[in-house]
Every structure is written in C-alpha cells, then in structure tokens.
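Each residue of the sequence shown is one higher than the one before, counting from 284 in the numbering used here.
Where is the CB? At the ideal position from N, CA and C, for every residue including glycine.
Working notes for the structure below.
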Amino acid sequence: MKTDRSTTQFVLAIILAGSLMAVISVMGALGQAAPIAQPSAEVVEWSAPSEHEQLNCRYGTTVPNRGDQGPWMPVMEAGWYNTFNMWGTYPPDNPYPGPLQSMTQAGQSDVPVNEATFVPVIRVQQNVIDGIPQPTYTFNPPLAAIPYEIRSYSYNYPPGTVWLIGNEPEVGLPQDYAYPEVYAQAYHEAYHFLKSLDPTYQIGIASMAQATPGRLSYLTQVWDTYQQMYHTRLPVDVWNLHLYILSEISPNGGNSDGRIAIGTDPALAIKGYDPLLGPPDTECSRDNVYCRAEHDDINIFIDQIVAFRTWMREHSEQIKPLIISEYSILYDYTVDDDDDDGDVCIGVKDEFGNCFTPERIKAFMAATFEFFETATDPELGYPYDNNKLVQQWAWHSMETNGSGRSSNLLKKNYNRFEPGDLDGLTEVGLFYREQVLSRDTYVNLMGVHALSHGVNPTRTLSIDFVNNGNIAITKTMTVTFYADELLTQVISSTVLTPEIDGCVQQIYRASVDWLDELPAGAHYFWVKLNSDAAIVESDETDNLLRGVVIVGGHHVFMPIAFDVPYLPDTFPLRR
C-alpha cells in the first residue's frame, strides 16, 4: 500500500557516536597535500544584492547557464548551486588545450557576491560503438584537465569542496550513461584522482533520478561490484540523489517517463498508468504504479527519501550526509495564448485532467521545504545533523527551456531585466525567494569526538565538531580543555578563527597539547566548544564532550590514525 505520511511524526534525538568512525590524527609528522596554485587573475563579482549577510546553506538551485543566470543567484538567496558540470567550458573539438587556455574566461573567476557554494559535477559516459556498450568510459571534462580548471578557478574549488561523480547514469542519454559495473570503475578512478589533488575534497556518488526499487537495485550493483573489484567498501563522503516521481516502464513494456534503470530487471520498474486496467483513482493507488497525477505527491516523495536512507543504513552509511542535488516539477505547463482569459492549459495534464499550474508547483515546493526542514529520525537520519534525513536540497532550475521549465525561478526573458530585479522572477521564483527568506538562520556547534594521542609527557587532545546550523560561523571562538568535570582546571585553550561552514558540510578539529606528566592509568579530560560564549547558538547543550588519556608506562594508547594534511588549530575532514 502507498503510505499516507501526512501525519507522520519524526522523532528528534541527538546521537554522539564516538566510536562509529575511524579517527584521523593531524598532529605530528604527517603527510601534507601539495598546495594548489593560487590564481593571479582578476576576480569578477556578481553584483546583485542579497538581503542576508549569511545565506542559508540548506537551499540551493541548479544553474544551467552560469554566465547569464549566475548574476541572479544573490536575489534568489540560495546558498549553493550546481551547473551540471565544471566551472570552465571545454569545446568538444579541443577539450584539453592546456593550462588556463581551456577556460572560456581564462584567468578569471566569477565570484557570487553572496559567496554561494559551487558544487562541481564530473560527467560520466560509457562508450558505445555501433550501438554496443563497451567496457570503457569517458569523463567530461577529462580528469587530466581538472588540475588546470582548479588553478584557473581556484575560488570555486577550496578545501572541502563537494564533487559529484556523474549525473543520472542509470537513465541514459541525454543524461549520463553507464551500466553499474562500469560506473563503479569510473567512480573509483575519479574518486582517487580527486583525493590525490586534495584529500579534503568530499566525493559524492552520482545522483539517480529517484529512489525506486529499480534504482536502488542499480545502486546495490554498483556497491557490490566495487567491493568485488577493489576488495573494499565503496568510499562515499556525500550521498546524493535527485527526486522525480516518474513511472519507469510503460504498459507495453518500453520505457516510460522515468525510464527503466540501466542494467536492472525491468520487473522492478514502476509502471505507468494503463487506462485499459481501470480508472485512475483505482490504478494510481497501486504500489507498483506511478501516475502523472502523483508527480507532486509529497507522501511518495517522503517514501523515496526514507527508502534511500534505509538503504544507507543497511549498508552502514547512515553516518553520512544526504543531499538532493536536483528536484522540482518536470511536466510542462502551457496556456493557450489565443484564449480570451489566457488561462486555458494546453500543456501536460495528469490522469484527472489537471495541469501543473504555478499554484500546484508552489504547493509542492512548500510541502517539500517543510519536510526537509523538520524531518528527523534517530533510526535513519544523520546523527551529526540532529538526525535530519536530508542535509541540503536544490530546486531545478534557475531557467531552462527544456524539461522542468514550468518550475523555472527566472522568466524566459529574464535577461531583459537587471540582475536582482524582482520583475525578472517567475511566480515560482518569487515564492522560492519568499520561502528561503522566511526561514530563521542560526548556527549550532556540536561536538562529535574527543580524542588524544602522543607520548608522555606531551599529549595532544582534540575535539572533532560540526556546525549543524544553516549558516556559517565567521566569528572567532574559544575551545577549552579541562582536567575536571566542573570545568575549573584548565588544561589549555585555543582560539579558532577560520570560517566554520554550516549544514554539516565539514567535520572540523581543534587541538591543544597537554604537557603535564601523568601517572599510569586513565585520565579523563573535558572539552567545551564556544567556551567564551562568543557565538550565539541555537543549542549549547551539545558543546561539551569527555575524552580519556590512557597512560601505560610511558605510552599513551590511541585509536588507529590516518595521515591527513595538517592545518593549524582546525580544519575540515570527513571520515
């Protein structure tokens, strides 16, 4: 039965899972990543105004044409975006000409004045010869071009950048195209290539179009293939999904709107509506049928996210963020210009004769935003984000003339207006902006691990922490380590000055040295974030952690550590 989740209550519970992830140590003689060349080029800023000093990092949008649409980012108040590719442009006849020359605006960086975060996508295509899929693949851009891309547009690729490897590879052309076993190989190559450039880069799996049984079968095949080929788990830092409620197989057995996932059993595919089997009010209620009328069904939308998070938990990936990097309404809405009232729909209609009007799209947007903001579950959600099911989401799109244009945030003739002019926004765009502006912005620090390592009498004490608020922390704050539970015996403090990203985009570490000679045994310490109360938080009860130093003879025992690049005081890391 299709479930009615309209009254579902999601429970909020904070889990501090101190032993759920391997610990990464940063102090001592560890390897350091080679720095990426900094740009010497002029920075060109987008000048449209934003009403927020700090943008809400939960909300994003897709930007198909960054050159024209980029200047509109600030007025949309979106905190992040993707362009379905890299920042630079690579001509098909000359995809890799060399340093700096491979970019359409070589030597410049377009920097949104509101500092919205760019999420690059590396496209993946399985090679096909004479209609026969080959066991090889091609990246766009080629991996060899990426270091030059980073050098030319380094502003858009700072440490901790999230990279997505592929865009709907299970759909096939005109999206990406790859059988599960081929995608697993492509992901392996791209993942390790990017980590070799900067170990702090966060690598995300390709977005599937939705989370149906067929799509989850595709993902499971990728997972299993990777394990079989490389004898290790699929290394994913960020889980990624699109969410479009679309039937996959037509009544005659061919592809329906959403297409059968490549390399999967067609019997798993969700069927389209067949009027020969019965009326829509009967057929659309079936579990294995998606009607077009359900394209904006919030209950199915929720079910798919729960299904994806359940898959993550079953594969021990719950302690990872999930982003929805693209979603909206894809079905077209067109009115008859010759009609006197101008409101007769001649676009796509669902099985009940209803069009996908702006009012309908806005209602869907509002319902999804409310779900994203409030849905938590201690059994499925991300513990470091107060068990939220989804960490970030992006609406499609700023403006496209293709599928999804009924959901455009900008009018078709937006370039006739000055960037930031509200008259250039569609009804849906104005509503998106209002929704984002209506959300309170806040910061919240959460400690996730307290750890120690070193040799008596010098030990390094550390705390790993996140900001699960929806804006970045830009003020300095103090982290203090104590030798007693009452927090009266200070071991040492450190003042942190870097920006701490919100939305749990990074895990950070702060460290101090404990120089006292300690006898053999267990010695507890306590560490408090924001100990000087310099930052106003939404919840200060999750700022304190306890750790332990175990001294045996002259040694301090510690968890296994892995080499990561060293940065002073604090830096982003993801395990």
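Length of the line joining the Cα atoms of residue i and residue j
i, j, result
"W522", "D799", "43 angstroms"
"T515", "E710", "49 angstroms"
"F476", "M681", "31 angstroms"
"Y849", "S775", "Low local confidence applies: a pLDDT of 29 at Y849 is under 50, so the model's placement there is unreliable, with the coordinate-based value given in what follows. If I take the Cα positions, the gap works out to 20 angstroms."
"K554", "I754", "41 angstroms"
"F367", "Q458", "10 angstroms"
"L529", "F584", "11 angstroms"
"K285", "E577", "11 angstroms"
"D633", "R575", "5 angstroms"
"N813", "Q772", "17 angstroms"
"W329", "E531", "Per-residue confidence for W329 stands at a pLDDT of 44, beneath the threshold of 50, marking its modelled position as unreliable; the derived number appears in the next sentence. Their Cα atoms are separated by approximately 40 angstroms."
"L692", "G414", "38 angstroms"
"G497", "N571", "11 angstroms"
"Q601", "H806", "32 angstroms"
"M512", "T683", "39 angstroms"
"G350", "K694", "16 angstroms"
"Y420", "S539", "26 angstroms"
"G362", "L779", "23 angstroms"
"L728", "V819", "10 angstroms"
"E472", "G443", "19 angstroms"
"P842", "T593", "Since pLDDT at P842 reaches only 37, below the 50 mark, its modelled position is unreliable, and the value read off the structure follows with that caveat. The straight-line gap from Cα to Cα measures roughly 29 angstroms."
"G664", "M356", "30 angstroms"
"I319", "A428", "Residue placement at I319 cannot be trusted, given a pLDDT of 26 that sits under 50; the coordinates are not used to answer."
"L705", "L338", "18 angstroms"
Pair within 7 angstroms by beta-carbon distance, residue i and residue j
i, j, result
"F591", "A494", "yes"
"D825", "I790", "no"
"I545", "E453", "yes"
"G536", "A492", "no"
"P463", "Y501", "yes"
"A649", "L672", "no"
"V726", "G752", "yes"
"E609", "A550", "no"
"D619", "V631", "no"
"I606", "Q504", "no"
"S735", "V832", "yes"
"R716", "E360", "yes"
"V404", "N450", "yes"
"Q258", "Y474", "There is simply no residue 258 to check, as the chain begins at 284 and stops at 858 in what is shown."
"S611", "S690", "yes"
"S568", "L524", "no"
"G785", "C340", "yes"
"L720", "V795", "no"
"L499", "W506", "no"
"T777", "A766", "no"
"V519", "I543", "no"
"F764", "V731", "no"
"V358", "V402", "no"
Extent of the continuous alpha helix (DSSP H) run through residue i
i, result
"E398", "From DSSP, E398 is part of no alpha helix (DSSP H); its letter is neither H nor E."
"D564", "563-566"
"G497", "496-513"
"W797", "No alpha helix (DSSP H) holds W797; the beta strand (DSSP E) holding it covers 790-797."
"N582", "581-597"
"A473", "463-480"
"Q352", "349-352"
"V618", "From DSSP, V618 is part of no alpha helix (DSSP H); its letter is neither H nor E."
"V358", "356-359"
Beta strand (DSSP E) segment containing residue i, residue limits
i, result
"L525", "The question names Leu, but residue 525 is His in the sequence shown. H525 -> beta strand (DSSP E) spans 522-525."
"E609", "605-610"
"F367", "Note, F367: premise wrong, no beta strand (DSSP E); not H, not E."
"R829", "827-835"
"H806", "804-811"
"G343", "339-345"
"G685", "Counting along the chain, G685 falls outside any beta strand (DSSP E), and DSSP gives it neither H nor E."
Pick from the options that is closest to residue i, judged by C-alpha positions
i, options, result
"R742", "Y431, V411, L801", "L801"
"Q788", "I486, V572, L744, I448", "I486"
"V749", "Q511, N669, A399, E717", "N669"
"D660", "V778, I644, R596", "R596"
"I231", "P442, Y436, P425", "The first residue shown for the chain is 284 and the last is 858, placing residue 231 beyond what the model contains."
"I783", "T547, D796, W797, T761", "T761"
"I629", "P641, D615, A489", "D615"
"Y527", "L613, H732, R434", "L613"
"G804", "A817, D822, G835", "G835"
"I581", "P604, G561, T640, A646", "A646"
"W797", "G830, T757, D548", "G830"
(message) To test your reading of the DSSP string, which unbroken beta strand (DSSP E) runs of 3 or more residues are found completely within the region 691-776?
(response) 728-738, 741-750, 760-765
(request) Enumerate, from N- to C-terminal direction, the unbroken alpha helix (DSSP H) stretches of 4 or more residues contained entirely within the region 631-664. (result) 641-657
(request) Could you pull out every unbroken alpha helix (DSSP H) segment of at least 4 residues lying fully inside the region 397-458, listed in chain order? (result) 429-435
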